[in-house]
Amino acid sequence: MGQAAIYPGSFDPVTNGHIDLIQRATQIFDTVIVAVARNVHKTPLFNTDERLEMLREATKGMKGIEVEIFDGLIIDYAHKKNLNVLIRGLRMISDFEYEFQMALTNRRLAPDIETVFLMPSENYSFLSSTLLKEAASLGADVSTFVPEFIATRLKKRLMKA
Ligand code: ADP
């Protein structure tokens, strides 16, 4: 395997912004491991297996992508896999503070691991899973923000909620 990187997140659910970032990452790295966090703070709308399965479906046909689940600290997971690059996305200035803190905390805990930041297309630079769920729960058509099958699943899930 050539150079590989891990892209961690909750992906609840995966959006076109995440997919845009994954695509950009594959142009830099031979393998991109998209790592779905099992332990997310907020109660997720989709469970871990669903989030994994949706990511697999959304990245089907893209080369060099692996989708996995991880527990605990991402730096421990990276060490376990012998990888030293984490990918994170920067949408707005508002992401910067949190991402900066997290990257520097991770660096203190694991100096051998680097965080690489990528910027999405400006079409997606405002898009977050949280806002998307909120809009969808209020009846918005979110099909321009997520793959079609996810828009359908979101609608179904929110109808049950
Ligand atoms: P969390 O940080 O809560 O796990 P996500 O799983 O949604 O949030 O995001 C994982 C990573 O993807 C984060 O670095 C986040 O900034 C990035 N990201 C999320 N949405 C987008 C987007 N629309 N464009 C670019 N990056 C994004």
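Every letter in the sequence shown is one number past the one before it in our numbering, and letter 127, counting from 1, is 142. Where is the CB? At the ideal position from N, CA and C, for every residue including glycine.
Please name the residue, chosen from Asn97, Gly76, Asp91, that lies closest to Gly17 on a Cα-to-Cα basis. Nearest option by C-alpha distance: Asn97.
Within 10 Å of its beta-carbon, does Leu36 have 16 or more other beta-carbons around it, so buried, or fewer, so exposed? Burial call: buried.
Below 7 Å, is the gap between the Cβ of Gly104 and the nearest heavy atom of the ligand ADP? Distances between the C-beta of Gly104 and the heavy atoms of the ligand ADP include at least one below 7 Å.
Can at least three beta-carbon pairs, one atom from the region 51 to 61 and one from the region 114 to 134, be found at a separation below 8 Å? Pairwise C-beta distances place the region 51 to 61 out of contact with the region 114 to 134, as fewer than three of them are shorter than 8 Å.
Is the number of C-beta pairs between the region 33 to 49 and the region 78 to 89 that are closer than 8 Å three or more? Flag = yes, the region 33 to 49 and the region 78 to 89 touch.
I'd like the span of the beta strand (DSSP E) that includes Arg168, first residue to last. Premise fails: Arg168 lies in the alpha helix (DSSP H), 163 to 175, not in any beta strand (DSSP E).
Gly87 (DSSP reduced to helix, strand or coil): In the displayed model, Gly87 falls within coil according to three-state DSSP, outside both helix and strand.
Name the residue from Phe26, Phe44, Ala125, Tyr113 whose alpha carbon lies nearest to the alpha carbon of Met69. Per the C-alpha coordinates, the member of Phe26, Phe44, Ala125, Tyr113 positioned closest to Met69 is Phe26.
Which residue spans inside the region 69 to 120 form an unbroken alpha helix (DSSP H) run of at least 4? Within the region 69 to 120, the runs of alpha helix (DSSP H) at least 4 residues long that lie entirely inside it are, in chain order, 89 to 95.
Under three-state DSSP, which class holds Ile128? Three-state DSSP puts Ile128 in coil, outside helix and strand.
Closest to Asp91 by CA distance: which of Phe115, Asp127, Ala73, Val131 is it? Out of Phe115, Asp127, Ala73, Val131, Asp127 has the C-alpha closest to the C-alpha of Asp91.
Of the choices Thr145, Pro162, Gly104, whose alpha-carbon is the least far from that of Val55? It is Thr145 whose Cα lies nearest to the Cα of Val55.
With H, G and I counted as helix, E and B as strand and the rest as coil, what does DSSP make of Thr30? Coil.
When you compare each of Val157, Ile43, Gly32 to Val131 by their alpha carbons, which one comes out closest? Distances from the alpha-carbon of Val131 to those of Val157, Ile43, Gly32 put Ile43 closest.
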